[in-house]
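Participant: Input: one structure, supplied below.
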Amino acid sequence: MKKIINTIDAISGIGGWTSGILMTGALVLALAEIAIRTFFSGTLYIADEYSGYLMALVTLIGLAYTLRERGHIRMMFLVHILKGRTKTIYNMICLAIGFLFCIAFTWFTGEFFWDSVVNETQSMQLSETYLALPQAFLPLGGILLTLQFLSELLKGVAVLRNDTEGLHIYEEVDELGR
Numbered sequence: 009m010k011k012i013i014n015t016i017d018a019i020s021g022i023g024g025w026t027s028g029i030l031m032t033g034a035l036v037l038a039l040a041e042i043a044i045r046t047f048f049s050g051t052l053y054i055a056d057e058y059s060g061y062l063m064a065l066v067t068l069i070g071l072a073y074t075l076r077e078r079g080h081i082r083m084m085f086l087v088h089i090l091k092g093r094t095k096t097i098y099n100m101i102c103l104a105i106g107f108l109f110c111i112a113f114t115w116f117t118g119e120f121f122w123d124s125v126v127n128e129t130q131s132m133q134l135s136e137t138y139l140a141l142p143q144a145f146l147p148l149g150g151i152l153l154t155l156q157f158l159s160e161l162l163k164g165v166a167v168l169r170n171d172t173e174g175l176h177i178y179e180e181v182d183e184l185g186r
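Under our numbering, read the sequence shown as residues 9 to 186, first letter to last.
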């Protein structure tokens with residue numbers, strides 16, 4: 009079980025790094041568009057469209073890493089009241105709901121992607137990008153987030169068994185900024 013948890017956590021870490029690199033790529037694309045407009049009175053034509061694709065990709069690929077690091081906004085008033093096993097079980101119930109939601113999200117985004125593949129849908133922008141390419145990252149992000157929810161659930165099981173050696177268990181703190 010620990011090997012599965014650590015593998016999923018490592019994959020989420022790679023997703024986090026990938027998100028950072030892609031965000032830098034979106035920044036470079038925006039800066040290139042600004043420079044070309046300013047100095048050459050021209051345009052890249054694709055900067056807005058591809059920046060949008062990159063930002064969607066950054067978000068979806070980075071969600072699993074954010075969950076691993078406890079970076080998502082959560083309603084904490086009940087969590088602060090609960091202690092010990094009760095708190096762990098409550099968190100596991102919340103994680104199970106998120107896990108089920110992510111399974112559905114992954115399924116429906118997979119259908120959305122496949123519909124674009126079958127129909128050979130293209131962007132209505134000048135680039136006429138084959139939309140299956142950016143849409144492929146929707147189910148990929150869903151798979152990563154689903155796996156991270158599974159990892160967090162398994163961490164909860166490990167906590168209940170008092171068997172957390174070798175695992176990175178992150179706890180929320182009361183202060184802003186963790």
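Note that CB positions come from ideal geometry on N, CA and C, so glycine has one too.
Does the distance from the CB of F157 to the CB of F107 come in under 8 Å?
Facilitator: Cβ distance < 8 Å, so F157 and F107 count as in contact.
Participant: Following the continuous alpha helix (DSSP H) through M84, name the residue where it begins and the one where it ends.
Facilitator: Note, M84: premise wrong, no alpha helix (DSSP H); not H, not E.
Participant: Please determine, among I69, L141, M84, K11, the residue with the shortest C-alpha to C-alpha distance to L30.
Facilitator: Minimum Cα distance to L30 is reached at I69.
Participant: CA-CA distance, A34 and L168?
Facilitator: Taking the straight line from one Cα to the other gives about 42 Å.
Participant: May I ask which residues mark the beginning and end of the alpha helix (DSSP H) holding R78?
Facilitator: Element bounds for R78: n/a, residue is neither H nor E.
Participant: Does the contact criterion of 3 or more C-beta pairs under 8 Å hold for the region 100 to 119 versus the region 147 to 163?
Facilitator: Yes, the region 100 to 119 touches the region 147 to 163.
Participant: In the DSSP output, which residue or residues are listed as bridge partners for Q133?
Facilitator: BP columns for Q133 are empty, so no partner.
Participant: Distance check for T96 and Q133, CA to CA, integer angstroms please.
Facilitator: Each residue's alpha carbon lies about 49 Å from the other.
Participant: For A64, which option in S27, A104, E160, A166 has the closest C-alpha, if you only look at C-alpha atoms?
Facilitator: Checking every option, the nearest Cα to that of A64 belongs to S27.
Participant: May I ask you to report which of helix, strand or coil DSSP gives Y61?
Facilitator: Here Y61 sits in helix by DSSP.
Participant: Considering only their Cβ atoms, is the gap separating F116 from Q143 smaller than 8 Å?
Facilitator: Result no, Cβ atoms of Q143 and F116 do not sit closer than 8 Å.
Participant: Here's a check: name, in chain order, each residue in its chain whose Cβ is nearer than 6 Å to the Cβ of S124, leaving out the five neighbours to either side.
Facilitator: Contacts found: L139, A140, Q143.
Participant: Rounded to whole angstroms, what's the CA-CA distance from T94 to I105? Just pull it up for me.
Facilitator: Computed Cα separation, rounded: 17 Å.
Participant: Alpha helix (DSSP H) containing L175: first to last residue?
Facilitator: First-last for L175: undefined, no H or E at that position.
Participant: In the DSSP assignment, find the alpha helix (DSSP H) that holds L103 and state where it starts and stops.
Facilitator: Looking at the DSSP string, the run of the alpha helix (DSSP H) that includes L103 is 92 to 127.
Participant: Would you tell me roughly how many angstroms separate the C-alpha atoms of S135 and N99, rounded to the nearest one?
Facilitator: Those two C-alpha atoms are separated by around 45 Å.
Participant: I think L162 touches I19, with their Cβ atoms under 8 Å apart; what is that distance to the nearest whole Å?
Facilitator: Wrong, their Cβ atoms sit about 14 Å apart, outside the cutoff.
Participant: Go ahead and pull the three-state DSSP assignment for Y73.
Facilitator: Helix at Y73.
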